[in-house]
Each structure stands twice: as C-alpha cells, then as structure tokens.
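Asker: Protein chains in written order, with our numbering: chain A, 1 to 299; chain B, 1 to 299. The C-beta atom is built at its ideal place from N, Cα and C for all residues, glycine as well. Only a predicted model underlies this, so the values are computations on that prediction, with no experimental measurement involved. Take this structure first; my questions come after.
There are 2 protein chains.
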Amino acid sequence: MNHRPDFARWMADIQQRTETALAELLPAATQAPQRLHQAMRYAALGGGKRVRPLLAHAAGHLAGADAARLDRVACAVELVHVYSLVHDDLPCMDDDVLRRGKPTVHVEYDEATALLVGDALQTLAFHVLAEQPVADTAETQLAMLTLLATASGSRGMAGGQAIDLGAVGRQLDRAELEFMHIHKTGALIRAAILLGAHAGAGLNEDEMARLDHYGKQIGLLFQVVDDILDTEADTATLGKTAGKDADQGKPTYVSLLGLGEARRYAEELLADACDTLEPLGERATYLQGLAEYITRRSF
Amino acid sequence: MNHRPDFARWMADIQQRTETALAELLPAATQAPQRLHQAMRYAALGGGKRVRPLLAHAAGHLAGADAARLDRVACAVELVHVYSLVHDDLPCMDDDVLRRGKPTVHVEYDEATALLVGDALQTLAFHVLAEQPVADTAETQLAMLTLLATASGSRGMAGGQAIDLGAVGRQLDRAELEFMHIHKTGALIRAAILLGAHAGAGLNEDEMARLDHYGKQIGLLFQVVDDILDTEADTATLGKTAGKDADQGKPTYVSLLGLGEARRYAEELLADACDTLEPLGERATYLQGLAEYITRRSF
Numbered sequence: 001m002n003h004r005p006d007f008a009r010w011m012a013d014i015q016q017r018t019e020t021a022l023a024e025l026l027p028a029a030t031q032a033p034q035r036l037h038q039a040m041r042y043a044a045l046g047g048g049k050r051v052r053p054l055l056a057h058a059a060g061h062l063a064g065a066d067a068a069r070l071d072r073v074a075c076a077v078e079l080v081h082v083y084s085l086v087h088d089d090l091p092c093m094d095d096d097v098l099r100r101g102k103p104t105v106h107v108e109y110d111e112a113t114a115l116l117v118g119d120a121l122q123t124l125a126f127h128v129l130a131e132q133p134v135a136d137t138a139e140t141q142l143a144m145l146t147l148l149a150t151a152s153g154s155r156g157m158a159g160g161q162a163i164d165l166g167a168v169g170r171q172l173d174r175a176e177l178e179f180m181h182i183h184k185t186g187a188l189i190r191a192a193i194l195l196g197a198h199a200g201a202g203l204n205e206d207e208m209a210r211l212d213h214y215g216k217q218i219g220l221l222f223q224v225v226d227d228i229l230d231t232e233a234d235t236a237t238l239g240k241t242a243g244k245d246a247d248q249g250k251p252t253y254v255s256l257l258g259l260g261e262a263r264r265y266a267e268e269l270l271a272d273a274c275d276t277l278e279p280l281g282e283r284a285t286y287l288q289g290l291a292e293y294i295t296r297r298s299f
Numbered sequence: 001m002n003h004r005p006d007f008a009r010w011m012a013d014i015q016q017r018t019e020t021a022l023a024e025l026l027p028a029a030t031q032a033p034q035r036l037h038q039a040m041r042y043a044a045l046g047g048g049k050r051v052r053p054l055l056a057h058a059a060g061h062l063a064g065a066d067a068a069r070l071d072r073v074a075c076a077v078e079l080v081h082v083y084s085l086v087h088d089d090l091p092c093m094d095d096d097v098l099r100r101g102k103p104t105v106h107v108e109y110d111e112a113t114a115l116l117v118g119d120a121l122q123t124l125a126f127h128v129l130a131e132q133p134v135a136d137t138a139e140t141q142l143a144m145l146t147l148l149a150t151a152s153g154s155r156g157m158a159g160g161q162a163i164d165l166g167a168v169g170r171q172l173d174r175a176e177l178e179f180m181h182i183h184k185t186g187a188l189i190r191a192a193i194l195l196g197a198h199a200g201a202g203l204n205e206d207e208m209a210r211l212d213h214y215g216k217q218i219g220l221l222f223q224v225v226d227d228i229l230d231t232e233a234d235t236a237t238l239g240k241t242a243g244k245d246a247d248q249g250k251p252t253y254v255s256l257l258g259l260g261e262a263r264r265y266a267e268e269l270l271a272d273a274c275d276t277l278e279p280l281g282e283r284a285t286y287l288q289g290l291a292e293y294i295t296r297r298s299f
C-alpha cells in the first residue's frame with residue numbers, strides 16, 4: 001500500500017508541512033537566549049521520520065479534521081518525542097553521541113544546554129497545544145491536553161523510561177518487556193493517533209475504539225521493528241548507534257524471542273492493526289499504509 | 001502586617017493545604033514505576049516555603065476565586081518550581097547536594113532518576129492545570145495553560161537559566177542581571193499571581209494591571225532578598241548551600257550593588273509593591289503581607 005505513489009506523496013507532504021510548522025513554532029535562533037533557541041532548533045528540525053505527526057495527520061484525516069489544526073497537534077506530540085530523545089541521549093541516561101545522523105545535543109552544545117533544551121521543548125509542546133484552537137470546543141482541547149500529559153508523564157513515557165532504567169542487566173519476561181514498551185514508546189504513539197482524531201469531530205464510539213486498538217498495536221509494532229532493525233542494520237544507515245541495547249544488556253524482542261519469532265510477531269501486529277480499521281473503509285487508508293510503512297521501514 | 005496572628009494563621013493554612021493537595025495529586029509511591037514516584041514525592045513534599053502557592057492563593061482571594069480551584073493552580077505552579085530545582089541541582093548545572101535541608105534528588109537517588117523526576121513533575125504541572133475546571137470557562141483555562149507555558153519555557157524560566165549559564169564568570173551590568181532574573185525567577189512568580197487571579201472572575205482591567213505590576217516587583221524583590229540571604233546566612237539555616245553563587249563567580253545583587261544598596265533596593269521594591277495594591281483595599285491584605293514576608297524572611 002505504501003508503494004502507491006499517492007501514499008508516498010502524502011507522506012512527503014506531511015513530513016514537509018511538519019518541518020515548516022515546527023520551524024514556525026520554535027523560537028527564532030536570533031531571539032534571546034540565542035544559544036538555547038539555536039539548540040532547540042538543532043534538536044527538533046531537519047531530521048526524523050516524523051512517525052507521530054504522520055499518525056496524527058492520518059487519524060485526523062479519518063476524523064475529518066482541519067489540516068492546520070493537525071499541524072499543531074502533530075508538532076505538540078513531536079516536541080514531546082524530541083525532548084525525550086534529547087534527555088535520553090544524556091550521559092546519565094543512554095550516553096549516546098549520534099541521533100538522526102547528527103551529534104547529539106549535549107555533544108554539539110553541552111550537557112547543561114541539552115538539559116534545558118529538553119525541558120523547554122516539553123514546555124513548548126503544551127504551549128502549542130493550548131495556545132490556539134485545535135478542536136471544536138475548548139472543553140475537548142482541555143481533554144487533549146490531559147491526554148498528552150497522561151501519555152508523556154510518569155504513568156506514560158517518562159514512566160516507561162524509568163522502568164527501562166531499572167531493567168538494564170536484568171532478565172525481563174515477555175509481559176514485563178511489553179509493559180515497559182507500552183509506556184516508553186506506545187503511550188505517545190497512541191496519543192498521537194487519538195489527538196489527531198479529537199481534532200476532528202467525525203468519529204463514533206465504535207470507530208474511536210477501533211482507532212485506539214490500532215494505536216496500541218502500532219505502538220508495539222514500532223518497538224518490535226526497532227529491535228529487529230537494531231540487530232540488523234549498521235550505525236550509518238540507522239542514524240543512531242546500532243546494537244546498543246543488546247550491548248548494554250537491555251532486553252529486546254529479538255533477545256527474548258529470537259529474530260524469526262520477532263519478525264512473525266511484527267507481521268501479526270501489522271495484520272491485526274490493518275484488520276481493525278477495515279470497517280472504516282477508504283478513510284483509513286493512510287493509517288493502514290503507515291502500519292505497513294512502520295513494518296517495512298529500513299531507514 | 002505579617003506579624004498579625006490572622007496572617008500567620010492564613011499562611012500556615014495555605015502551606016498545609018498545598019502539602020495535602022500535592023500529596024493527593026502526585027502518583028502514589030506504591031504505583032509503578034515505584035522508584036520514580038517515590039522520588040517525585042521526595043522532591044515535592046515536606047519542604048519549601050510554598051511562596052508561589054501563597055501568592056496564587058492571595059491573588060485568588062483578591063479575585064474571589066474558589067479555594068479548591070486555587071489548590072490546583074497553586075500546585076501546578078509549585079510543580080514547575082520543584083522540577084526546575086531538581087534539574088538545577090544536577091551535576092551538569094549547579095551540582096548541589098543540599099536542598100530544603102535534605103540531600104538533592106540525584107544524591108538521594110541517582111542522576112537518571114533525578115532527570116526523569118524533573119521531566120515528570122513538569123508534565124504533572126500541565127496535567128493538574130488541564131484535568132479539572134480551574135476557571136469560569138474552558139477558554140480562560142486554556143489561556144491559563146498558555147500563561148504557565150510562557151512563564152516556564154525558553155522565553156521564561158528555562159530561558160533565564162540559560163542566560164544564567166552563560167553569565168558564569170562574566171561581569172554583568174545591572175540591566176543584564178535584571179533581565180536574567182526577570183526570566184529565571186520573576187516569570188513564574190508573576191505567573192503564580194496572575195493564574196490565581198484568573199481562577200476568579202472579580203478583577204477589572206485596572207486591578208489586573210496593578211496586580212501584574214505587583215507581580216513584577218515581587219519577582220525582583222524575591223531575588224534581591226535571596227542574594228542578601230545567600231551572603232548573610234550559613235548553610236544550616238538556609239537549607240541549601242550558602243555563598244554558592246558568589247563562589248562560582250555568578251553575579252548577584254550584592255556583588256553588583258553592595259550589601260547596603262541591595263537592602264535599600266529591596267525596601268524600595270517592597271514599598272512600591274504594597275503601594276500599587278493600596279486602591280484595592282482590604283482584599284489585598286494577604287498580597288501585601290506576603291511582600292513583607294518575602295522581604296523579612298530569614299528561613
């Protein structure tokens with residue numbers, strides 16, 4: 001499905017408009033404090049596959065949402081994602097030097113600046129989601145802010161990172177690994193999809209439930225494929241340090257299930273995610289295409 | 001004014017209800033991930049003068065706001081403040097070991113946990129402000145979220161910290177020092193006051209302008225007094241490492257103006273802040289009392 005030219009064109013279009021919207025929403029590099037603003041732009045612009053913005057736009061398309069609203073929603077989620085990468089790469093966390101094919105923020109600038117960049121990008125995410133209307137009512141918009149906070153905080157993404165910290169060198173079973181990833185990666189991916197849908201007004205309860213199930217499966221799929229790629233690819237094509245999780249004794253789907261079984265699990269999640277959306281018809285095409293893209297991506 | 005028994009009682013009451021509200025809003029230490037939640041509670045509970053919550057409640061009293069709403073507003077601002085302290089104490093920033101009379105979070109736990117604690121406390125601040133009604137309309141609440149984000153982000157508090165980083169070992173003039181503090185400390189203090197007022201509905205444009213002027217002066221006053229205390233007090237009474245800014249070659253009001261002139265400046269700011277509120281009558285008593293408390297505090 002993602003080989004169809006219109007899907008590829010749609011993807012490139014969303015990636016481009018996300019880049020443009022982020023460049024507009026981020027403070028100018030000439031505005032004081034300049035070094036912080038330069039570093040925020042360095043972290044957020046010119047890289048990344050923009051998977052979360054793509055998912056937000058695809059879900060928003062399904063719900064008939066306005067594209068300008070979706071740009072803000074997509075940027076809010078992407079800013080949370082980028083902040084988490086900047087902090088995750090710090091020496092006291094994963095201590096990584098390469099991200100999206102460039103030196104990480106603390107390497108290019110310094111640790112204190114990287115800390116503040118992450119902090120300020122998180123603040124900007126909530127700023128962007130609160131500042132202008134992104135839903136039909138202000139009440140819905142408040143619910144969206146709550147949803148983003150739940151997905152990002154200690155019971156979501158940040159909590160997943162804490163579980164990850166506690167897991168280094170330990171043997172996790174499959175249930176524990178899944179619990180970690182549902183928080184660390186899954187929560188924000190699911191939020192991207194639901195926030196995109198909330199920006200529109202066209203979905204009934206059954207459709208929202210299907211979308212939510214799709215979101216959960218995509219969150220897991222994303223991580224399983226990440227673990228497979230981390231095993232197979234080299235650092236140059238990956239744009240970040242390859243094989244790192246395994247080297248650090250972190251559990252991965254590949255270390256737990258083996259490569260063959262991990263691949264089969266990915267195919268199973270892909271099929272389930274696409275099937276869930278089948279009753280929604282043509283409007284779900286982009287979401288189904290993204291599920292396939294996430295599975296087949298090779299960077 | 002703050003020697004009057006009813007003011008002292010009011011202060012103790014707000015400090016107590018802020019502690020109770022924070023304890024309820026923070027995730028339970030028994031909830032997974034336990035270590036992160038324990039560390040968040042360690043950082044946020046059982047310490048601090050709760051200056052920002054006091055200001056939010058005092059401004060809310062002026063605007064006739066509901067006390068339960070003000071608890072949420074006060075906690076949101078305090079959570080931003082606490083997150084900034086946890087990150088500010090990290091080795092890559094001020095590298096401090098003592099805060100509010102206890103070991104800092106990265107000393108008591110570890111650096112990675114302290115990083116995530118700060119991240120998750122910031123998220124919780126926005127969560128708390130979005131989740132339940134805290135204003136008469138959802139539109140006002142969105143404006144309050146935007147205000148908190150503006151005050152906390154790269155053009156507010158986090159920006160002030162970046163300016164501070166760039167100022168170590170440099171000679172700042174008074175205008176530069178003021179610019180730094182308006183961002184680093186002033187923005188969030190001013191936000192506490194305005195957010196408290198927005199939780200009510202009783203203020204006209206002139207009253208809001210007076211409150212905003214009061215907020216600006218209080219923000220500066222707070223920092224001038226901090227610098228004076230940092231020179232005069234020892235570590236035990238201060239509850240944090242004394243004389244640190246001067247030792248690190250950071251500019252302070254005392255190093256710039258001398259102790260006598262810094263004291264005179266504090267008295268000038270106090271008088272101006274109280275005078276501004278004079279036309280508001282009895283309702284402004286708590287705000288005026290807090291201005292005096294901030295000036296006379298000796299920890």
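#1: Taking one C-beta from the stretch 74–86 of chain A and one from the stretch 122–132 of chain A each time, how about it: are there three or more such pairs within less than 8 Å?
#2: Counting along the chain, where does the alpha helix (DSSP H) carrying A/Q31 start and finish?
#3: Taking 8 Å as the threshold, find out whether the stretch 42–61 of chain A comes into contact with the stretch 126–134 of chain A through three or more Cβ pairs.
#4: So within the stretch 99–149 of chain B, which uninterrupted alpha helix (DSSP H) runs reach at least 4 residues, ignoring any that extend past its ends?
#5: Rounded to whole angstroms, how far is the Cβ of A/L70 from the Cβ of A/A149, which I believe are closer than 8 Å?
#6: For the alpha helix (DSSP H) that contains B/M180, what are its first and last residues?
#7: Who are the neighbours of B/A149 on chain A, taking C-beta pairs under 7 Å?
#8: Going by other Cβ atoms of all chains shown within 10 Å of its Cβ, with 16 needed for buried, is B/E78 buried or exposed?
#9: Does chain B have any CB closer than 9 Å to the CB of A/S255?
#10: In whole angstroms, give me the CA-to-CA distance for B/E267 and B/T295.
#11: Counting beta carbon pairs with one atom in the stretch 32–44 of chain A and one in the stretch 175–190 of chain A, are three or more of them shorter than 8 Å?
#12: Alpha carbon to alpha carbon, how far is B/R301 from B/G215?
#13: Does any CB atom of chain A fall closer than 9 Å to the CB of B/L90?
#14: Given a threshold of 16 other Cβ atoms within 10 Å of its Cβ, counted over all protein chains shown, does A/G159 qualify as buried or as exposed?
#15: If B/A162 sits next to B/A187, beta carbons under 8 Å apart, how far is it from one beta carbon to the other, in whole angstroms?
#16: Would a C-beta distance cut-off of 9 Å place A/L277 and A/L211 closer than the cut-off?
#17: Considering A/M157, what are the terminal residues of the alpha helix (DSSP H) in which it resides?
#18: Would you say B/H87 reaches chain A, if we count a Cβ-Cβ gap shorter than 9 Å as a contact?
#19: Judging by CA-CA distance, which residue of B/D173, B/G289, B/G196 and B/S154 is the nearest neighbour of A/A29?
#20: If contacts are defined as beta-carbon pairs under 8 Å, then B/G219 and B/I189 qualify, I think. What distance do you get, rounded to the angstrom?
#21: Would you say B/Y42 faces chain A, with C-beta separation under 9 Å as the test?
#22: Do B/A76 and B/R17 come within 9 Å of each other at the CB atom, strictly closer than that value?
#23: Quick check on DSSP: helix, strand or coil for A/L66?
#24: Output yes or no for whether 9 Å exceeds the beta carbon distance between B/L287 and B/L55.
#25: Taking CB distances under 9 Å as the criterion, tell me whether A/L142 reaches chain B.
#26: Grouping DSSP H, G and I as helix and E and B as strand, with all else coil, what is A/C75?
#27: Please decide whether A/N2 counts as near chain B, where near means a Cβ-Cβ distance under 9 Å.
#28: Report the residues of the stretch 15–38 of chain A with a CB closer than 7 Å to any CB of chain B, ordered along the chain.
#29: Establish whether the CB of A/D119 and some CB of chain B are separated by less than 9 Å.
#30: Just to confirm my understanding: we take A/N2, look at its own chain, exclude 5 residues before and 5 after, and list those with CB closer than 6 Å. What are they?
#31: What is the DSSP secondary structure of A/R59, reduced to helix, strand or coil?
#32: Closest Cβ-Cβ distance between A/F299 and chain B: below 9 Å?
#33: Tell me the DSSP secondary structure of B/T295 in three-state form.
#34: Within its chain, find whatever has a CB closer than 7 Å to the CB of A/L195; leave out the 5 residues flanking it on each side and keep chain order.
#35: Using a Cβ-Cβ distance under 9 Å, would B/T104 count as near chain E?
Answerer: Walking through what the data contain:
#1: Flag = yes, the stretch 74–86 of chain A and the stretch 122–132 of chain A touch.
#2: Segment: none, A/Q31 is in no alpha helix (DSSP H) and carries neither H nor E.
#3: When Cβ pairs closer than 8 Å are counted between the two stretches, the stretch 42–61 of chain A is seen not to touch the stretch 126–134 of chain A, the count staying below three.
#4: With a minimum length of 4 residues, the continuous alpha helix (DSSP H) runs that stay inside the stretch 99–149 of chain B are 105–108 and 111–131.
#5: That belief does not hold up - the Cβ atoms of A/L70 and A/A149 are roughly 20 Å apart, past 8 Å.
#6: B/M180 -> alpha helix (DSSP H) spans R174 to H181.
#7: Simply T123, F126, H127 and A130.
#8: So B/E78 counts as buried.
#9: No, no contact with chain B.
#10: A straight line joining the alpha-carbon of B/E267 with that of B/T295 spans about 8 Å.
#11: No, the stretch 175–190 of chain A is not in contact with the stretch 32–44 of chain A.
#12: Chain B is shown only over 1 to 299; residue 301 of chain B falls outside these bounds and no answer can be derived.
#13: Yes, B/L90 lies at the interface with chain A (some Cβ there is under 9 Å from its Cβ).
#14: With 16 or more other Cβ atoms within 10 Å, it is buried.
#15: Your pair B/A162 and B/A187 does not check out as a contact, with CB atoms roughly 13 Å apart and the cut at 8 Å.
#16: Yes, the Cβ-Cβ distance between A/L277 and A/L211 is below 9 Å.
#17: Membership of A/M157 in the alpha helix (DSSP H) is indicated by the continuous run M157 to A167.
#18: By this cut-off, B/H87 is an interface position.
#19: The candidate whose alpha carbon is nearest that of A/A29 is B/S154.
#20: The Cβ separation is near 4 Å, so the contact holds.
#21: Chain A contact via Cβ: absent.
#22: No. Outside cutoff.
#23: In the sequence as presented, Leu is not what sits at residue 66 of chain A; that position holds Asp. Assigned with DSSP and collapsed to three states, A/D66 falls in coil, not helix or strand.
#24: The Cβ atoms of B/L287 and B/L55 sit closer than 9 Å to each other.
#25: Cβ-Cβ to chain B under 9 Å: yes for A/L142.
#26: Three-state result, A/C75: helix.
#27: Confidence is the limiting factor: at A/N2 the pLDDT is only 45, short of 50, which leaves the residue's position unreliable and the question unanswerable from this model.
#28: Residues P27, P33, R35, L36 and H37.
#29: It does; some Cβ of chain B falls within 9 Å.
#30: For A/N2, the pLDDT reaches just 45, beneath the cut-off of 50, and the residue's location in the model is therefore unreliable, leaving the point undetermined.
#31: Correcting the residue type first, residue 59 of chain A is Ala in the shown sequence and not Arg. The answer is helix: DSSP assigns A/A59 an H, G or I state.
#32: Residue confidence is low: A/F299 scores 41 on pLDDT, short of 50, so the model does not pin down where it sits. No coordinate-derived value is stated.
#33: DSSP places B/T295 in helix when its eight states are reduced to three.
#34: Only A56, V73, V77, M144, L147 and L148 meet the Cβ criterion.
#35: Given the protein chain composition of this structure (A and B), no chain E is represented.
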